[in-house]
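For reference, the structure is listed below as structure tokens.
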Amino acid sequence: MDVVPAEVLADTVDRRYVDRDLCALQLDGYLRRLARQEAVCRRVLGRLARTFLAGRYHHRLGFARLGDYTRERLSLSAREVQELARVAERLESLPAIATAFAAGDLSWTQTRLLATAATADSEHEWLALARDRTVRALEALVAHPPADPDERRRLRFSLRCPRRVRGRWRQAIELARRMAGSELSLAQAAEVIAAEALSAAPAPIDDRLPREAPPEPIDTPADAGWSPVDVPIPEDVEKLLELGPWGDPFALDERLRAARRAMQRIDWQMGVLLRTFFDLRLHRAFGFPSASRYVAERLGISARKARALVALERGLRRTPALGAAYRGGGVSWLRALTVLPVATADDAWVARAGEVTLRRLVAEVEWALDRRDAGLPPAPPSPDATLAPVEWQMRARADETLGADITFTAAPSVVALFRGALDAFRPPGAPLWKGCEKVLEHVCGEWEAQPAHRDPVFARDGWRCAVPACTSRASLHDHHVVYRSAGGDNSRENRVTVCAWHHLRGIHLGRIRAHGVAPHAIIWEIGLRRGRPPLMRTVGDRYVS
Ligand SMILES: [Zn+2]
Ligand SMILES: [Zn+2]
Numbered sequence: 025m026d027v028v029p030a031e032v033l034a035d036t037v038d039r040r041y042v043d044r045d046l047c048a049l050q051l052d053g054y055l056r057r058l059a060r061q062e063a064v065c066r067r068v069l070g071r072l073a074r075t076f077l078a079g080r081y082h083h084r085l086g087f088a089r090l091g092d093y094t095r096e097r098l099s100l101s102a103r104e105v106q107e108l109a110r111v112a113e114r115l116e117s118l119p120a121i122a123t124a125f126a127a128g129d130l131s132w133t134q135t136r137l138l139a140t141a142a143t144a145d146s147e148h149e150w151l152a153l154a155r156d157r158t159v160r161a162l163e164a165l166v167a168h169p170p171a172d173p174d175e176r177r178r179l180r181f182s183l184r185c186p187r188r189v190r191g192r193w194r195q196a197i198e199l200a201r202r203m204a205g206s207e208l209s210l211a212q213a214a215e216v217i218a219a220e221a222l223s224a225a226p227a228p229i230d231d232r233l234p235r236e237a238p239p240e241p242i243d244t245p246a247d248a249g250w251s252p253v254d255v256p257i258p259e260d261v262e263k264l265l266e267l268g269p270w271g272d273p274f275a276l277d278e279r280l281r282a283a284r285r286a287m288q289r290i291d292w293q294m295g296v297l298l299r300t301f302f303d304l305r306l307h308r309a310f311g312f313p314s315a316s317r318y319v320a321e322r323l324g325i326s327a328r329k330a331r332a333l334v335a336l337e338r339g340l341r342r343t344p345a346l347g348a349a350y351r352g353g354g355v356s357w358l359r360a361l362t363v364l365p366v367a368t369a370d371d372a373w374v375a376r377a378g379e380v381t382l383r384r385l386v387a388e389v390e391w392a393l394d395r396r397d398a399g400l401p402p403a404p405p406s407p408d409a410t411l412a413p414v415e416w417q418m419r420a421r422a423d424e425t426l427g428a429d430i431t432f433t434a435a436p437s438v439v440a441l442f443r444g445a446l447d448a449f450r451p452p453g454a455p456l457w458k459g460c461e462k463v464l465e466h467v468c469g470e471w472e473a474q475p476a477h478r479d480p481v482f483a484r485d486g487w488r489c490a491v492p493a494c495t496s497r498a499s500l501h502d503h504h505v506v507y508r509s510a511g512g513d514n515s516r517e518n519r520v521t522v523c524a525w526h527h528l529r530g531i532h533l534g535r536i537r538a539h540g541v542a543p544h545a546i547i548w549e550i551g552l553r554r555g556r557p558p559l560m561r562t563v564g565d566r567y568v569s
């Protein structure tokens, strides 16, 4: 029951001949209806998530961390799910705003802002403010606007370098994660790397923050019709709220996933239309100075989300097999984004995207990119294989072709710190990437020499919890697959690395189960329940039914 007709999504229009104004009006109409549908899905997700979070149901389903559950099962970050639940909770005590949202009067962004600022006494005033102000102006009025998980101020760091330096970068990130005992983001890893390097080579660094771009002036868009958007609710999504029982984590998991699938279908359509809208710069037809402003004001979604949708859509055009899998819901949003850099090389990646856990997929894609940099074919590895690091020292040291990039996005202070470290290590007159290479060589050398890296079982399992989808790297325990009390021996085939939560509250409390032979033939059952199959069954990180 898509709101956009198939021929509009088919992208067969010859853009040289389109009437821009007509095209703008038509696409805007569809986009607003899609945005409205997406907002309804968010509200449903938020209400379901509230119950899920309050009951800490991810534990009952066998996941140590909320984020591990949300990424693997819902293709969302923990922060996004928490934000959806927060808005849903606030709306319970703000009936006028909830009604306005239900009537299609408020976009998701407006609702999110009002849910933060308004109280039961002030909600009518806030509603009036929202009606005759731009989203940007409304944001300025909300004293502490909620940090939109999509949209916090970040800077992008990017450095051209030879491929071997990027190989070093990936190695340094992996070591930084091991040292920290957690799945650091790229930005966090860059910070740790810079801090380690600077502690060895103290040098004056310029820690002034880069100057911010001046804010765009607030303007009032041309009148393009701001009536409420009335669209059919995506099939069955609202019904997800009516079914019981709410106390069953497994049933709630199913409903969250159903709402998420509906949302992905909408996201795909939005991506297709936004791509045309951005390419033709149709925001001008509505008097907006930029496509970002159009998206924020008119659709009530964040500019970052819109950019991600368009980027994915462009990528999927080049990889039709992946595009079909994403459209059909067989491959989730996060999985499609993960596999995109290698999917053009080999269709086998599309199948792989649905076969293994997300954490394994991320590792496999990183491994394949490393191999591609080294001139090897980036086909998917065997899903059970240990991913051997590419040997960078073997490579011709002399190759100084700048064929790769090191990039990450981080808070401005982190970017400044990282640059400072590269500068401190750069030989006089050398390009910045040489400083980067020296920094990475230094930190890798330091971290590899740490005595913590000698336990043979932990080393074999890559210094992380072996339970599928778990990203824990701290408080690692050595578990005997066949218990010692049941006659299990002390051989390495009977021992596996698990985090403290999965060991004590997962395995030994009966929420998950492991049997088989370590490291590659352990069968995991996650989310055990009486009389029915577990939530997930895997061999290593590969799903089995
Ligand atoms: Zn144990
Ligand atoms: Zn774990």
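Take 25 as the starting number for the sequence shown in the numbering used here and just add one per residue. No residue lacks a Cβ here, since even glycine has one placed at the ideal position from N, Cα and C. Note that this is a predicted model, so its numbers are computed, not measured.
Distance between residue j and residue i (C-alpha atoms, nearest Å)
i    : j    : result
L33  : Q50  : 12 Å
D370 : A327 : 31 Å
F432 : G353 : 29 Å
W193 : K462 : 11 Å
K329 : Y81  : 28 Å
R554 : G271 : 16 Å
K458 : T123 : 59 Å
A248 : G79  : Its pLDDT being 45, under 50, A248 is placed unreliably by the model, and the measurement read from it follows with that caveat. Computed Cα separation, rounded: 45 Å.
R232 : A445 : The predicted position of R232 is uncertain, since its pLDDT is 40 and thus under 50; a value taken from the coordinates is nonetheless stated next. So the two alpha carbons sit approximately 14 Å from each other.
A154 : F310 : 20 Å
L162 : A152 : 11 Å
R74  : V159 : 26 Å
Y567 : L222 : 43 Å
E107 : S515 : 46 Å
D408 : L58  : 40 Å
A454 : S182 : 17 Å
I229 : G469 : Residue placement at I229 cannot be trusted, given a pLDDT of 39 that sits under 50; the coordinates are not used to answer.
G378 : P344 : 16 Å
V216 : A387 : 20 Å
A315 : T300 : 11 Å
Opening and closing residue of the alpha helix (DSSP H) in which residue i lies
i    : result
W457 : L456 to E472
D277 : P273 to D303
D429 : That residue, D429, is in no alpha helix (DSSP H); its beta strand (DSSP E) goes A428 to A434.
F125 : P119 to A126
T65  : The amino acid at residue 65 is misidentified as Thr; the sequence shows Cys. Its alpha helix (DSSP H) spans residues R44 to A78.
T343 : Neither: T343 is in no alpha helix (DSSP H) and is coded neither H nor E.
G18  : Past the edges of the chain, shown from 25 to 569, lies residue 18, and the structure says nothing about it.
V159 : V159 to L165
V568 : Run containing V568: none; DSSP gives neither H nor E here.
R519 : Unbroken run through R519 is the beta strand (DSSP E), R519 to C523; no alpha helix (DSSP H).
N-terminal and C-terminal residue of the beta strand (DSSP E) that residue i is part of
i    : result
H503 : L500 to H504
W548 : A545 to I550
T579 : The structure shown does not extend to residue 579, since the chain spans only 25 to 569, so no value can be given for it.
G191 : No beta strand (DSSP E) contains G191, which is instead part of the alpha helix (DSSP H) from R187 to A204.
R540 : The amino acid occupying residue 540 in the given sequence is Gly; Arg does not appear at that position. I536 to V541 is the extent of the beta strand (DSSP E) around G540.
Pick from the options that is closest to residue i, judged by C-alpha positions
i    : options                   : result
L77  : E116, P436 and L280       : L280
R376 : S406, M560, R89 and L222  : S406
V380 : V491, P455 and Q212       : V491
A127 : R305, A218 and A63        : A63
A332 : G459, T362, G427 and R71  : T362
R21  : I121, I430 and T368       : Residue 21 cannot be examined here, being either before or after the span of the chain that is shown, 25 to 569.
T425 : L153, C185, E113 and V506 : C185
E198 : R508, V522 and T495       : T495
A48  : H532, R305, V111 and I550 : R305
D26  : D45, R60 and L153         : R60
G295 : G339, A320 and E262       : G339
H527 : A345, H544, A510 and W548 : W548
R157 : T143, L137 and A144       : L137
V261 : A213, L400, R67 and A434  : R67
L264 : S569, Q195, R556 and C65  : C65
A473 : E321, S131 and R202       : R202
A493 : T133, C523 and D479       : C523
E31  : Q293, E147 and H83        : Q293
Burial state of residue i, where buried means 16 or more other Cβ atoms lie within 10 Å
i    : result
D423 : exposed
Y54  : buried
Y93  : buried
T562 : buried
Q288 : buried
D291 : buried
L464 : buried
S99  : buried
What does the shell around ligand 2 hold, if a residue joins when its beta-carbon is under 5 Å from any heavy atom? A88, C489, V491, C494, S496, C523 and H526
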